[in-house]
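Numbers given in this note's numbering equal positions in the sequence shown, counted from 1, plus 221.
From the three backbone atoms N, C-alpha and C, an ideal C-beta is built for every residue, glycine too.
Note that the structure is predicted; figures quoted are calculated from it, not measured.
First up is the structure itself, then whatever we jot down about it.
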Amino acid sequence: NIDDSAARSPKSPLLPKSLRKLAESSNKFLPALTAMRDGVAGDSERDALEQAIENAQTVIEAAGKLPPPDEKK
222 NIDDSAARSP KSPLLPKSLR KLAESSNKFL PALTAMRDGV AGDSERDALE
272 QAIENAQTVI EAAGKLPPPD EKK
């Protein structure tokens with residue numbers, strides 16, 4: 222996972238690229254996850270959904286703190 226890779230090789234150029242890809246996917250999932258809030262029945266399901274939403278938001282925020290990607294041709 223990204224956390225493990227960051228701990229082993231924090232200067233890897235693949236980490237920002239991976240985080241950007243993960244944030245892109247998180248941006249796609251977040252509206253669907255948020256829309257599911259009203260349909261959740263149990264407390265455990267609601268907790269899991271809220272955790273998923275929080276994780277997606279954390280990824281998006283972290284990617285926003287990255288410097289601009291290098292433009293390589």
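Counting only the Cα atoms, L235 lies some 20 Å from A277. Inter-residue distance for I274 and K249 is about 12 Å (C-alpha atoms, whole angstroms).
In the displayed model, P252 falls within a helix according to three-state DSSP.
Look at L243 here: in three-state DSSP terms it is helix. The Cβ atoms of A283 and L240 sit closer than 8 Å to each other.
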